[in-house]
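Notes follow once the structure below has been shown.
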Amino acid sequence: MTEAQPHARERLYSVLAAVPAGTVISYGQLAELAGMPRRARWVGQLLGRLPRDTRLPWHRVINAQGRISLPPGPAADRQKALLQAEGVRVSAGYRISLSEFGWK
DNA sequence: CGTTTGACTTTCG
DNA sequence: ACGAAAGCCAAAC
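Numbering (the working numbering), first residue to last: 155 to 258.
Structure representation (structure tokens):
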């Protein structure tokens with residue numbers, strides 16, 4: 155087989171599915187845990203293409219600055235609500251305390 | 001096949 | 001703490 159990462163997407167999905175509720179992770183960390191450092195943007199691109207009915211905890215993924223990376227809109231509010239429902243403290247400016255990064 | 005795009009990250013002022 | 005600029009990389013055009 156010539157493919158170096160035949161199932162890169164599914165590997166990423168597995169890591170994401172393993173993120174415990176009540177914690178958040180950055181795109182970069184997620185990519186790194188999946189064995190693909192520096193693929194943060196690729197992760198974001200993948201999440202954007204996820205179907206609405208996915209069961210993956212996409213809402214636990216935020217950027218390295220501790221903010222919701224989704225552009226302002228209904229989607230961002232949805233992510234904020236989902237996080238708060240899990241006990242994650244989200245400030246007015248979509249900021250999240252670094253202590254929620256349990257895995258860093 | 002060259003250019004643009006983007007749910008990113010880091011550095012600098 | 002904040003915004004601008006540069007760096008980075010795969011997918012889409």
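We put the CB at the ideal spot given by N, CA and C, even for glycine.
Residues of its chain near residue i, where Cβ-Cβ distance is below 6 Å and the 5 sequence neighbours each way are ignored
i: Leu236; result: His213
i: Thr156; result: Here the model assigns Thr156 a pLDDT of 46, short of 50, so the residue's position is not dependable and the matter cannot be decided.
i: His161; result: none
i: Glu240; result: Ala175, Gly176
i: Gly182; result: Ala194, Ala218
Sheet register partners of residue i (DSSP bridge)
i: Ser180; result: Ile216
i: Ile250; result: Val244
i: Arg221; result: Arg249
Proximal residues to residue i (C-beta, below 8 Å), its chain only, five neighbours per side dropped
i: Gly247; result: Arg221
i: Leu200; result: Arg163, Leu166
Own chain partners of residue i with C-beta closer than 7 Å, once the 5 adjacent residues on each side are dropped
i: Arg249; result: Gly220, Arg221
Where the alpha helix (DSSP H) containing residue i begins and where it ends
i: Ser168; result: 162-171
i: Asp231; result: 228-239
i: Arg206; result: Segment: none, Arg206 is in no alpha helix (DSSP H) and carries neither H nor E.
Residue i vs residue j beta-carbon contact at 9 Å
i: Ala194; j: Leu184; result: yes
i: Val215; j: Val244; result: no
i: Leu170; j: Pro211; result: yes
i: Val242; j: Val178; result: yes
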